[in-house]
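Note sheet for the following structure.
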Amino acid sequence: MPARPSWIPYALIAPSVVFLAALFLVPLVQTIWLSVSAGDGLSLENYRRMAGDLNFALAVKNTFLLTLVVVPLQVVLALGMATMVTKLDKGRDLVLWVLTIPLGISDLAAGLAWLALLQNTGYLNSALYALGLIQGPTGWLSQETPVALFFAIVLAELWRATAIVLVILIAGLQLIPKEFAEAAEIFGAKPWTRFTRITLPLLKPSLQSALILRTVLAFEVFAVVYALGGRNFPVLAGEAYVWQNDNQNYGVAAAYAVLIMAISLAATAVYLRVLRTRPEQLP
Amino acid sequence: MTASAVATKPAATNRGMALPSARRLLLWTGLAVLIAWVLVPIYLVALGAFGGRLGVFRWPKSIWPSDLSFAAMSQFLAIEGVFNALVNSLIAAGLTVVFSIALGAPAGYALARYSFRGQNAYRLLVLLTRAFPLAILALPLTVSFIRLGLYDTPFGVSLIHTVLALPFAALVTQSLFMGIPREYEEAAWVFGCTRFQAFVKVILPLALPGLAATAIFAFVISWNEVFAASILTVRERTLTAYLLRILAESPLHYRFAGGFILIIPSVLFIFAVRRYLFAVWGIASK
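Structure (structure tokens):
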């Protein structure tokens, strides 16, 4: 690294700083401003309208429920996948490629793929019919079957977004020296003990970033839900979309956006605090 | 399917101590279930996409392909607006690639090669974007974009998609350039190259595969994004925005055709960048 300061690095980062300022920081402030301004002055009118909306309580409940169910399941599933994949030597690359395909798949496309499976005359119903469990085409994704719709969305989300957790965890697993587990094995630690006492604690930084990333994304879940259930299952980002596009009420849409951001930031802060790693704990 | 895959894992490791072959069998069974779990929905949406109107309503369905045809797919592509949406998606994704590399790679190079005041502040700015649901930031941009004439253009969409891809590009290229020894560059300076020439002739060829992977990630980020694209377009919709808009009224087989078209590039791209996937996310998640 050159000792004397130079203008070059500043020239190199300047374009991206300007860009992020214009399209990240400014919209961020604008959204907050939009949400608290009504008419001429500052007011909480937009928030009142948001909270007074019929779908509001439902959207909050649904979004939280979805996140609380999906994110932990994804971490467990990804940990299982990662442990299995690391045991492989032959065919590892091929298996990993297949398991990471959903990483590149749009949430809208994922919703549509599961719609093919779960629609009234879809493959799930055909299978249930073949087993004699249902009499004919049955709807699972309507307003009358909220529980089934919820599970359909959970399945699609698990299918689509577990891959990102898997990739982050495998990248993290590669950083853990093999010697630790070997040493523990010599001292008689069982596989489960090795997993909980060595792998998990050393994986904490990766778990932390996977959880932050997934939780933030889970709170803006939208297209999967729309593809499967339309507006039968209100979520926060979906309500923001409706207020912006259909109702053309930018203030209330912004209030929803601020709410989503506040929840995301709070979740991030919790993860940073609960899963913090002291430097001496790093491998 | 998922629950069983998770449940067999601890059992597999315990029994594996005594029975290595039984353990291998369990491991591969579990992996086969997981692979099927990933591939089966893609296969079924492909059946839906090529099965046409009749295929969607056939009851009960067979999982084996029967009378598939490209007619269903070409019908979908012939619908007014679909082809245009496809082109818009490609333009937006292409521009996102250009912007995120053009803005992100220099920043990555600066972070890799120099230590300067404000370095940490810059890193914080980049990481901060991760704690915010970025697509939501498209809401106020509607108004500014209308004023600037960027509303309802693939260019405008690509700008917000670049916000999503840029932090990622900066962090990935940083590690990319850190992996290329400084000495190569210094040797080129000794032989009379300017800084710029040294970069173009020595560093760039070495960084090219990694830059290509970064570009592909940026492409996929833009290609897949739904929320911001739907909010910032009305007539010049991207494919995701178009599909979202027609969800309620379009027949099922068109939806499946759209979903299938969305999935195909992703599968190919993940294959193309599979070598970089873990390196990229190892860094990007720090």
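Sequence lines, in order, name chains R and S.
Count the first sequence with my numbering and you get residues 1 to 283, in order.
Count the second sequence with my numbering and you get residues 284 to 569, in order.
Beta carbons are placed, not taken as given, at the ideal position from N, Cα and C, and that holds for glycine.
327, 328, 330, 331, 339, 340, 341, 342, 343, 344, 345 and 346: these are the residues of the segment 327-359 of chain S whose beta carbon lies less than 8 Å from some beta carbon of chain R, given in chain order.
Residue environment: residue 52 (chain R) is assigned as exposed (fewer than 16 neighbouring CB atoms within 10 Å of its CB, all protein chains considered).
If you look at residue 264 (chain R), you'll find it in the alpha helix (DSSP H) that goes 250-274. Below the 7 Å Cβ cutoff, chain R contributes 109, 112 and 113 as neighbours of residue 542 (chain S), in chain order. In the pairwise beta carbon analysis, the segment 231-241 of chain R is classified as touching the segment 259-276 of chain R: at least three pairs are separated by under 8 Å.
Using beta-carbon distances, residue 493 (chain S) does not count as an interface residue toward chain R, since no partner is under 7 Å. The Cβ of residue 534 (chain S) sits no closer than 7 Å to any Cβ of chain R. The C-alpha of residue 212 (chain R) lies about 7 Å from the C-alpha of residue 271 (chain R).
Counted as a single uninterrupted DSSP element, the alpha helix (DSSP H) harbouring residue 367 (chain S) occupies residues 365-396. Beta-bridge partners assigned by DSSP to residue 41 (chain R): R:38.
According to the DSSP assignment, residue 168 (chain R) belongs to the alpha helix (DSSP H) that extends over 146-173. Using a CB distance below 7 Å, the part of the segment 21-40 of chain R facing chain S consists of 23, 24, 27, 28, 30, 31 and 34, ordered along the chain. Interface annotation, residue 314 (chain S): in contact with chain R, CB-CB separation under 7 Å. With a 10 Å radius around the Cβ and a threshold of 16 neighbouring Cβ atoms, residue 74 (chain R) comes out buried. Cα atoms of residue 164 (chain R) and residue 67 (chain R): separation of roughly 15 Å, rounded to the nearest angstrom. Identification of chain R residues near residue 471 (chain S) by a Cβ-Cβ cut-off of 8 Å yields none; the smallest Cβ-Cβ distance measures about 16 Å. Close to chain S, meaning a Cβ-Cβ distance shorter than 7 Å, are the following residues of the segment 228-245 of chain R: 230, 237, 240, 241, 244 and 245. The Cβ atoms of residue 234 (chain R) and residue 58 (chain R) lie closer than 7 Å to each other.
Interface residue (Cβ-Cβ distance to chain R less than 7 Å): residue 510 (chain S) is classified as such.
Residue 264 (chain R) belongs to the set of residues whose beta carbon lies under 7 Å from a beta carbon in chain S. Rounded to whole angstroms, the Cβ separation of residue 111 (chain R) and residue 549 (chain S) is 14 Å, and the two are not in contact under 8 Å. If you keep only unbroken beta strand (DSSP E) runs of at least 3 residues inside the segment 304-335 of chain S, you get nothing at all. Burial is judged here by how many other beta carbons sit within 10 angstroms of a residue's own beta carbon; residue 440 (chain S) has at least 16 and is buried.
Within the model, the alpha-carbon separation for residue 78 (chain R) versus residue 207 (chain R) is close to 10 Å.
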